[in-house]
Amino acid sequence: MTTDHKAILSFTDGTPSVEFPMLKGTTGPDVIDIRKLYAQTGKFTYDTGFLSTASCDSTITYIDGDKGQLLYRGYPIEQLAVNCSFLEVCYLLYYGELPPESEFKEFEQLVIHHTMVHEQMQFAMRGFRRDSHPMAILTSLVGSMAAFYPDSLDINSPEQQDISFVRLIAKMPTMVAMSYKYSIGQPYIYPKNSLDYASNFMHMMFATPCEEYTPNPVLVRAMDRIFTLHADHEQNASTSTVRLCGSSGTSPFSAIAAGVACLWGPAHGGANQACLEMLEQIQAEGGLAKVGEFMERVKDKNSGARLMGFGHRVYKNFDPRAKLMQETCREVLDELGLGNDPIFKLAMALEKIALEDDYFVQRKLYPNVDFYSGIVQRALGIPTSMFTCIFALARTIGWVAQWKEMITDPEYKIGRPRQLYTGHPERAVHGKRSRA
Ligand code: CMC
Numbered sequence: 025m026t027t028d029h030k031a032i033l034s035f036t037d038g039t040p041s042v043e044f045p046m047l048k049g050t051t052g053p054d055v056i057d058i059r060k061l062y063a064q065t066g067k068f069t070y071d072t073g074f075l076s077t078a079s080c081d082s083t084i085t086y087i088d089g090d091k092g093q094l095l096y097r098g099y100p101i102e103q104l105a106v107n108c109s110f111l112e113v114c115y116l117l118y119y120g121e122l123p124p125e126s127e128f129k130e131f132e133q134l135v136i137h138h139t140m141v142h143e144q145m146q147f148a149m150r151g152f153r154r155d156s157h158p159m160a161i162l163t164s165l166v167g168s169m170a171a172f173y174p175d176s177l178d179i180n181s182p183e184q185q186d187i188s189f190v191r192l193i194a195k196m197p198t199m200v201a202m203s204y205k206y207s208i209g210q211p212y213i214y215p216k217n218s219l220d221y222a223s224n225f226m227h228m229m230f231a232t233p234c235e236e237y238t239p240n241p242v243l244v245r246a247m248d249r250i251f252t253l254h255a256d257h258e259q260n261a262s263t264s265t266v267r268l269c270g271s272s273g274t275s276p277f278s279a280i281a282a283g284v285a286c287l288w289g290p291a292h293g294g295a296n297q298a299c300l301e302m303l304e305q306i307q308a309e310g311g312l313a314k315v316g317e318f319m320e321r322v323k324d325k326n327s328g329a330r331l332m333g334f335g336h337r338v339y340k341n342f343d344p345r346a347k348l349m350q351e352t353c354r355e356v357l358d359e360l361g362l363g364n365d366p367i368f369k370l371a372m373a374l375e376k377i378a379l380e381d382d383y384f385v386q387r388k389l390y391p392n393v394d395f396y397s398g399i400v401q402r403a404l405g406i407p408t409s410m411f412t413c414i415f416a417l418a419r420t421i422g423w424v425a426q427w428k429e430m431i432t433d434p435e436y437k438i439g440r441p442r443q444l445y446t447g448h449p450e451r452a453v454h455g456k457r458s459r460a
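Residue numbers for the sequence shown follow our numbering, so the first one is 25 and each next one is one higher.
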């Protein structure tokens, strides 16, 4: 991992220059190992937003933003999305290899047999207002798992790590569906062990005690693909939150509840909802005829408008997930006889204009995964308020795999960033305060 090269840092304040090792990953940029900087110089680095800082080493996911490449454990997302089910991807992300056929059946059965949540959980739900945002409910439900499974606090036990992983991926669809059913005032639907992972989720979302849900293979495959495309994305905000929270040694359920809370923000998991709302607004204002006008607004810095679903901090090329999502979008709309869906047509028209427009070309702004995922979810019957919950369900595997990688790393330490203090220097409280 260490290369023969060094980075040399020199100072103009008289501090002697220092030499740092350079680390090489399997692929991607080299990294300057500054861990001894403070001990050697008494200085910290300053990097708000982690623009140039690797917070860990990881073997799970790799993104090359310039190429538009996303790999899970070395496998391209395009191949995983087409050839594997989401549960196989879960196995891959957690254990590092795709499951052999014989082991997969056993793993699938294990997950299926953990889909029910503790019956007390529904009483916890009753404390919430019916109009609570499902993400607020989901954050609490995931955190409450630590109360139902106190054994998980033994985070150094490999058995407890593995059972927490299975419980999380098995129960997340049940908890997401419960938060939806609660918000619309319908009874919860229990999981059905005869169904596969994605069909079971759709059954819990859309069946009622008086009506069965019959899974449609095209729609189930679309749901499964949405899960796969959102499964992991290396050290994004929510994953870094899970790592930081988990680094204190707290229960995995508490760390992942922190990840759910982080994901909720509009700059992270909330963008697909914002994108669909943008498309609906353009449609309401006149649809295709208004596209040109909207694009001018987006390019005008003073308007504050952005083309939602476009641009990415890391991808400076096509987000590979966006291409797959567009394909799924077409399949779902055709299956449902919605091939002429005006919102889809609008999205295609916006994409075409943006990809040819200098403003977007020069800034390397391409469609991201959220550009089409809202249209797919809406076609599947999922309300916009649930979009981020679906993202949380899918990302749970990424969070738990990253948590496990961290706590089993022999070099793991509690995360403790430093700061550049800009407040008052020390000062005195003069005289006694009135209530002292
Ligand atoms: N529409 C119009 N202009 C844009 C857009 C956009 N969607 N995105 C970036 N720009 C412009 C921006 O105004 C700036 O222009 P200039 O250089 O003239 O000031 C330039 O492009 C760079 O933008 P930035 O905001 O500095 O880039 P960033 O890396 O900080 O932001 C982003 C990335 C995703 C927050 C941003 O592109 C954005 O707001 N996109 C729309 C929201 C969105 O779709 N978010 C989902 C991200 S994917 C989800 C995930 O992977 O978790």
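The beta-carbon is built from N, C-alpha and C at its ideal position, and this holds for glycine as well.
Of the residues L104, D248 and Q185, the one placed nearest V400, counting alpha carbons only: Your numbering for residue 400 matches position 376 in the sequence shown. Taking only the C-alpha atoms, the option nearest V400 is D248.
For V190 and E135, the rounded distance between their alpha carbons: Translated into the one-based positions of the sequence shown, residue 135 becomes position 111. Translated into the one-based positions of the sequence shown, residue 190 becomes position 166. Inspection of the sequence shows that residue 135 is occupied by Val rather than by Glu. Using only the alpha carbons, I get a separation of about 6 Å.
The stretch 260-280 / the stretch 231-249 touching (three or more Cβ pairs under 8 Å): no
Paired residues, beta bridge with D55 - DSSP: Position 31 of the sequence shown, counted from the start, is the residue given in the question as residue 55. In the sequence as displayed, the identity of residue 55 is Val instead of Asp. DSSP, once it has assigned bridges, lists L47 as partnering V55.
G333 to G293 span [Cα, whole Å]: The count along the sequence shown starts at 1 and reaches residue 333 at position 309. The count along the sequence shown starts at 1 and reaches residue 293 at position 269. In a straight line, the C-alpha of G333 is about 11 Å away from that of G293.
Helix, strand or coil at F334 according to DSSP, with G and I counted as helix: The residue labelled residue 334 in the question sits at position 310 within the sequence shown. Note: F334 maps to strand in three-state DSSP.
Euclidean distance between Cα positions of L287 and G38: Within the sequence shown, residue 287 is the residue found at index 263, counting from 1. Within the sequence shown, residue 38 is the residue found at index 14, counting from 1. Looking at the two C-alpha atoms, the distance is approximately 44 Å.
D358 Cβ short of 7 Å to the ligand CMC heavy atom set: For the purposes of this step, residue 358 is taken as the residue at position 334 of the sequence shown. Incorrect: D358 has no Cβ contact closer than 7 Å to the ligand CMC.
Distance CB(Y86)-CB(T51) smaller than 8 Å: As a first step, residue 86 is located in the sequence shown; it is residue number 62 there, counting from the start. As a first step, residue 51 is located in the sequence shown; it is residue number 27 there, counting from the start. Yes. Within cutoff.
Y204 in three-state terms, based on DSSP: Mapped onto the sequence shown, residue 204 falls at position 180. DSSP places Y204 in helix when its eight states are reduced to three.
DSSP state of H227 mapped onto helix, strand, coil: Position 203 of the sequence shown holds residue 227. In the structure shown, H227 sits in a helix (DSSP, three-state: H, G or I).
Cβ neighbour criterion (16 or more within 10 Å) applied to D155: In the sequence shown, residue 155 corresponds to position 131, counting from 1. The residue in question, D155, is exposed, as its Cβ has fewer than 16 Cβ neighbours within 10 Å.
Cβ contact (3+ pairs, closer than 8 Å) linking the stretch 199-207 and the stretch 400-418: yes
Cα-Cα separation, L219 to M226: As a first step, residue 219 is located in the sequence shown; it is residue number 195 there, counting from the start. As a first step, residue 226 is located in the sequence shown; it is residue number 202 there, counting from the start. One C-alpha to the other measures close to 10 Å.
Residue(s) in a DSSP beta bridge with Q93: If you number the sequence shown from 1, residue 93 lands on position 69. BP columns for Q93 point to D88.
Element boundaries [beta strand (DSSP E), containing D28]: In the sequence shown, counting from the first residue as 1, residue 28 sits at position 4. Counting along the chain, the beta strand (DSSP E) containing D28 begins and ends at T26 to L33.
Beta bridge counterpart(s) of V42 as assigned by DSSP: Taking the first residue of the sequence shown as 1, we reach residue 42 at position 18. Partner(s): L33.
Residue nearest to T77 in terms of C-alpha spacing, selected from L95, Y99 and P53: Position 53 of the sequence shown, counted from the first residue, corresponds to residue 77. Among L95, Y99 and P53, the Cα nearest to that of T77 belongs to P53.
Distance between A255 and F384 (C-alpha atoms, nearest Å): The residue you call residue 384 lines up with position 360 of the sequence shown. The residue you call residue 255 lines up with position 231 of the sequence shown. Cα to Cα, F384 sits roughly 28 Å from A255.
Distance between beta carbons of I250 and A425, contact taken as under 8 Å: Sequence index remark: in the sequence shown, residue 425 carries index 401 (1-based). Sequence index remark: in the sequence shown, residue 250 carries index 226 (1-based). 18 Å between Cβ atoms; not a contact.
Contact belief for E43 with I32 at Cβ below 8 Å, rounded distance in angstroms: Working through the sequence shown from its first residue, we reach residue 43 at position 19. Working through the sequence shown from its first residue, we reach residue 32 at position 8. Rounded, the Cβ-Cβ distance is 5 Å, consistent with contact.
Contact belief for A282 with L357 at Cβ below 8 Å, rounded distance in angstroms: The residue given as residue 282 occupies position 258 in the sequence shown. The residue given as residue 357 occupies position 333 in the sequence shown. Wrong, their Cβ atoms sit about 36 Å apart, outside the cutoff.
Buried versus exposed call for V106 [16 or more other C-beta atoms within 10 Å across all chains shown]: Locating residue 106 in the sequence shown gives position 82, counting from the first residue. It is exposed - the Cβ of V106 has fewer than 16 other Cβ atoms within 10 Å.
Buried or exposed (CB count within 10 angstroms, at least 16 for buried), K428: Locating residue 428 in the sequence shown gives position 404, counting from the first residue. By the neighbour-count rule (16 or more Cβ atoms within 10 Å), K428 is buried.
CB of V200 within 8 Å of CB of L253, strictly: By one-based count along the sequence shown, residue 200 stands at place 176. By one-based count along the sequence shown, residue 253 stands at place 229. No, the Cβ-Cβ distance between V200 and L253 is not below 8 Å.
Simplified DSSP state of E143, which is helix, strand or coil: Your numbering for residue 143 matches position 119 in the sequence shown. In this structure, E143 counts as coil in the three-state DSSP scheme.
Alpha-carbon to alpha-carbon, S275 and S176: For this step, residue 176 is matched to residue 152 along the sequence shown. For this step, residue 275 is matched to residue 251 along the sequence shown. Going by the C-alpha atoms only, they are around 6 Å apart.
C-beta contact flag for L389 and G422 at 8 Å: Numbered from its first residue, the sequence shown carries residue 389 at position 365. Numbered from its first residue, the sequence shown carries residue 422 at position 398. No, the Cβ-Cβ distance between L389 and G422 is not below 8 Å.
Cβ-heavy atom distance, V266 to the ligand CMC, below 7 Å: Indexing the sequence shown from 1 puts residue 266 at position 242. Result no, Cβ not under 7 Å from the ligand CMC.
Whole-number beta carbon distance between F277 and Y173, since they are thought to touch under 8 Å: Counted from its first residue, the sequence shown places residue 173 at position 149. Counted from its first residue, the sequence shown places residue 277 at position 253. Right, the Cβ-Cβ distance comes to about 7 Å (below 8 Å), so this counts as a contact.
Reference Y99; option with closest CA among E317, M145, M169 and I84: Against the sequence shown, residue 99 aligns to sequence position 75. Checking every option, the nearest Cα to that of Y99 belongs to I84.
F334 CB to nearest heavy atom of the ligand CMC below 7 Å: What you label residue 334 is simply residue 310 of the sequence shown in a count that begins at 1. True, at least one ligand heavy atom lies under 7 Å from that Cβ.
L417 CB to nearest heavy atom of the ligand CMC below 7 Å: Residue numbering aside, residue 417 sits at position 393 when the sequence shown is read from its first letter. No; taking the cut-off as 7 Å, the Cβ of L417 has no heavy atom of the ligand CMC nearer than that.
Other residues of its chain near P45: CB distance less than 6 Å, five sequence neighbours each side excluded: Within the sequence shown, numbered from 1, the residue matching residue 45 stands at position 21. Here the set comprises T26 and D57.
Cβ neighbours of F230 in the same chain (closer than 8 Å, five flanking residues each side left out): Position 206 of the sequence shown, counted from the first residue, corresponds to residue 230. Excluding residues within five positions, the ones whose Cβ falls inside 8 Å are Y237 and G405.
M319 versus L165: straight-line alpha-carbon distance, rounded: Position 295 of the sequence shown, counting from 1, holds the residue named residue 319. Position 141 of the sequence shown, counting from 1, holds the residue named residue 165. Cα to Cα, the separation comes out at about 41 Å.
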